[in-house]
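A quick write-up on the structure given underneath.
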Amino acid sequence: MKALFSGLLLSGLLSFAMADATSAVPQRVGPVSNYGVLGTSGNQVISTKTNKQVMLRGMSLFWADAVGSQYYSENVIAWAAQTLGIDVFRFAMGIESYDSDGGNSEKGKILASYSYKSSPDVKIEQLDRMVKAAIENDIYIIVDWHSHRAEQEQSIANDFFGKMATKYKDVPNIIWEVYNEPVNTDMGTIASYANTVIGTIRKNGSKNLALVGTPKWSQMGSCGGVNQPNVGYVFHFYAATHSVNSYSGNVDNCMKGGNAVFVTEWGTTSADGSGTVNTSEAGSWTSYMERNKISNCNWSLRHATIGDETEQSAMFSGSQVLNNKTLLNGAKYTQSGEFVKKYLTTNKRSWADTLTAGHSGSCKFSNLTVSELDGSKSGVGKSGCSYTSSNEKVATIGTDGSLTIKSHGYALMTGNDGSMSVVTVEKIPEQSVSGLVSMTCTVTNLKKAGTCTNNYTGKSSSEYQFTTMVKSAEGGEITCTSDNPSVVKIEKAICSTSQCYSHKGEYQWIATFTGAVGLANIHVQIPAVSGFKAMDTTFVLGVVKSPNVINPAIFKNVTVEKNSVTELFPATAHTVPVTYTLSAEGYGVIDGTNFIAGDKDASLVVYATSEESETYAAVNQSIVITIGLGGELIDGISPRTLRNVGIQGRIQNGNLMLTAAHSGFAKVQVYNANGKDLLGEETHYVTAGTNVFSLKGYAHGMYYVKVKQSSVSMTIPWSNK
């Protein structure tokens, strides 16, 4: 798609699910159980299981950026599969920070921090979660190299698809899309790139369908030239820009040449995603795709309005992020969304019926969907019949015909006459609450209102509004208690000051820090509500002593001349006396605040320690002094990562200020507002003391920054204004 904008990252809802695609199993019967791995035969996309032509209908997710990532959620995919009946969805992974023409203008440019090239581990983790969602919902996922200049990215594309093909070679749900929309690239160059990348996919064990973009934003002026098996070609259209009369001939010619076609992206609007929705032309296109059995994905599954911009091709109207079942069920659709919803639901199929067709008999019963909450159901099996369950951990049928429900998933019930019926047990979804994230405040920051606390009720400037919700998104009443009220008190109170913004006058859950140093477990309970599980979870709030850091402008790694005198050792850190120790003698001496170097080339470690004070933690730092040309660190002592080290962090002016007790490696991860989607990850070598790392490049909005060094971690809420 030619339009892409980066907008405000809006608040989502907290979830605690973790990705693990390798252990995922289908929770329902969908197209994948029926078709298996997809391939091609002539100009048709086929099931390699049945060797028959297939047609899939689904949705493309928006770019996996600040806007689109909110919908890269297992909840969203499950809802779309069940409610809209999608057979496939598209993982649109941005590769580099460039505009919609593959150039460097700022318009429509994806943020570098959301690109695969900048954050490959983040995107691979995100993909794994989406593959898991595809497997659990038994639908297909298109792994889309969402690029306009992939031939310039061949090396990293080859590496990515090679690794993913190895990882997912036995996953039938996968469809590879190795090039989204070439712009000014000829088909010969595209085919050369695709032959290399798809060749690597095949070499690494994946036989799954692979799709290749075509020239001029995949408008299919030409196609062909890829000499790998199971390859199809990509066509994109936007109904208000591309008419059937003008562009369907391109598709016809490609198919007449014996090539399979897949529409991985289409819209009802103009090609930039805005303008008037042309439902008449969109209807002509959907009719054309139905006649020719061309699989397709609509652009895009997201809400329309971000800031002052509106994407008319989005499925949902409004500016609210809709990423749980309750919000999605109550969603309002755009004009485009209404059209697409009708198209998808009209063609929605009962895949369980398809799977069991041809396996009839007197013991067969109508395919059944129940809830985990039901426990059991009588009269399911037929009299005189016995049934074998394909998954006894999900459900079984007794000799009296009663169904016993054990867990979510599905079970194929085979009668003693060979008939087959499907029982699907729907998972009880969890309730959703924002803000339940562990946080510690330092003693010094606690004294500065607005740093980690504020005044919300008019009673104290040491209050922390950890959630604006008194009920879950599903309506369950939230109860919060503190197991250590001497450190943190919890109450539901009216938010009454200007700090409450739009929530002024509403009841909120407020934590008040007493000023004492310590930690409190905040216990959150929500009773079950209709269709949703009860919630029982804990997070941590607390106050810790401020890290004590020696002046880094003086106490730092340094190279000195032999026989020189250098000021390196401040006597105190925040008025606390500091003791300095050399790792070896004979190479220099400490004289008050100075280091007097000897006459030998050497590298020494200096350790700085202090007692803790009422306000500050103990000093435990080290630096390296290189004398002359230096040498191996004396006694083999070198900066290293230690277990159970202390770290403290805060965010100021777009920078992470990280104070570590010891040197070593630290991982910094940035999550979006729902605490679930990993948006950025970097590993830094930190020195003992204060380190500064830039967090620039993220859109305005709410984030959580997680820092981990050795076995110690902390999470910092970050409002990027």
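Throughout the sequence shown, residue numbering follows mature numbering (1 follows the signal peptide of the UniProt record, and there is no 0), covering -19 to -1, 1 to 702 in sequence.
Where is the CB? At the ideal position from N, CA and C, for every residue including glycine.
(message) Quick check: the Cα distance between Thr250 and Pro466, rounded to an integer number of angstroms?
(response) 56 Å
(request) Measure the CB-CB distance between residue 704 and Ile507 and report whether it falls below 8 Å. (result) Because the chain in this structure spans residues -19 to 702, residue 704 falls outside the shown range and cannot be described.
(message) Can you list, in chain order, the residues of its chain with a C-beta nearer than 7 Å to that of His484? Leave out the 5 residues immediately preceding and following it.
(response) Thr449, Cys476
(request) With distances taken Cα to Cα, identify the nearest neighbour of residue 711 among Met111, Ala172, Ile123, Val649. (result) Absent from the structure is residue 711, since the part of the chain shown begins at -19 and ends at 702.
(message) Relative to the C-alpha of Asn240, which candidate in Tyr53, Ala191, Leu384 has its C-alpha closest?
(response) Ala191
(request) Identify every run of the beta strand (DSSP E) within the stretch 569 to 596, keeping only runs that are complete inside it and at least 3 residues long; order them along the chain. (result) 569 to 572, 575 to 578, 583 to 590
(message) Less than 8 Å between C-beta atoms, sequence neighbours within five positions excluded: which residues of the same chain meet that for Gly256?
(response) Ala221, Thr250, Gln293
(request) Would you kindly work out how many angstroms separate the C-alpha atoms of Arg621 and Thr664, rounded to a whole number? (result) Only weak support is given to the placement of Arg621: the predicted model assigns it a pLDDT of 33, under 50, and the question is left unresolved by the model.
(request) Confirm, please, whether the CB-CB distance from Val530 to Val498 is below 8 Å. (result) no
(message) By the DSSP assignment, the alpha helix (DSSP H) with Thr170 in it spans what residues?
(response) 168 to 184
(message) Please report the distance separating the alpha-carbon of Ser86 from that of Gln301.
(response) Residue confidence for Ser86 is low, a pLDDT of 49 falling below 50, so the modelled location carries little weight; the figure read from the coordinates is stated next. Rounded to whole angstroms, Ser86 to Gln301 spans 29 Å at the Cα level.
(request) Name, in chain order, the residues that DSSP records as bridge partners for Cys235. (result) Partner(s): none; Cys235 has no beta bridge.
(message) So the candidates are Ala114, Thr31, Tyr95, Phe72; which of them puts its Cα closest to the Cα of Ala5?
(response) Ala114
(request) Would you check if the distance between the CB atom of Val688 and the CB atom of Leu639 is smaller than 8 Å? (result) yes
(message) For Asn208 and Ile137, what's the separation of their Cα atoms in angstroms?
(response) 21 Å
(request) Below 6 Å CB to CB, which residues in the same chain sit around Tyr445 once its five sequence neighbours on both sides are set aside? (result) Thr434, Ala492
(request) Spatial neighbours of Ser367 within its chain, please: CB distance less than 6 Å, with the 5 preceding and 5 following residues excluded, ordered by chain position. (result) Asn397
(request) With a 10 Å radius around its C-beta and 16 neighbouring C-beta atoms as the bar for buried, classify Ala647 as buried or exposed. (result) buried
(message) So, at 6 Å on beta carbons, what are the nonlocal neighbours of Thr607 in its own chain, with the 5 sequence-adjacent residues on each side left out?
(response) Thr540, Ser584
(request) Compute the Euclidean distance between the alpha carbons of Ser511 and Pro12, then round it to the nearest angstrom. (result) 30 Å
(message) Considering only the alpha carbon of each residue, which of Ser364, Val159, Tyr314 lies closest to Arg130?
(response) Val159
(request) Assess, as a yes-or-no matter, whether the stretch 347 to 354 is touched by the stretch 378 to 398 under the definition of 3 or more beta carbon pairs within less than 8 Å. (result) yes
(request) Run the proximity test for Ile632: is its beta-carbon closer than 7 Å to any non-hydrogen atom belonging to the ligand GTP? (result) Ligands in the displayed structure: none, and consequently the ligand GTP is not present.
(request) Assign Tyr685 to one of two classes, buried (16 or more other C-beta atoms within 10 Å of its C-beta) or exposed (fewer than that). (result) buried
(request) For the stretch 336 to 350 and the stretch 397 to 408, state whether three or more C-beta atom pairs, one from each stretch, are separated by less than 8 Å. (result) yes
(message) Within 8 Å, do at least three Cβ pairs link the stretch 117 to 125 to the stretch 136 to 155?
(response) yes
(request) Give the range of the beta strand (DSSP E) segment to which Lys473 is assigned. (result) 469 to 475
(request) Helix, strand or coil for Pro558, going by three-state DSSP, please let me know. (result) strand
(request) Can you tell me which of Glu487, Ser591, Lys543, Phe513 puts its alpha carbon nearest to the alpha carbon of Thr562? (result) Ser591
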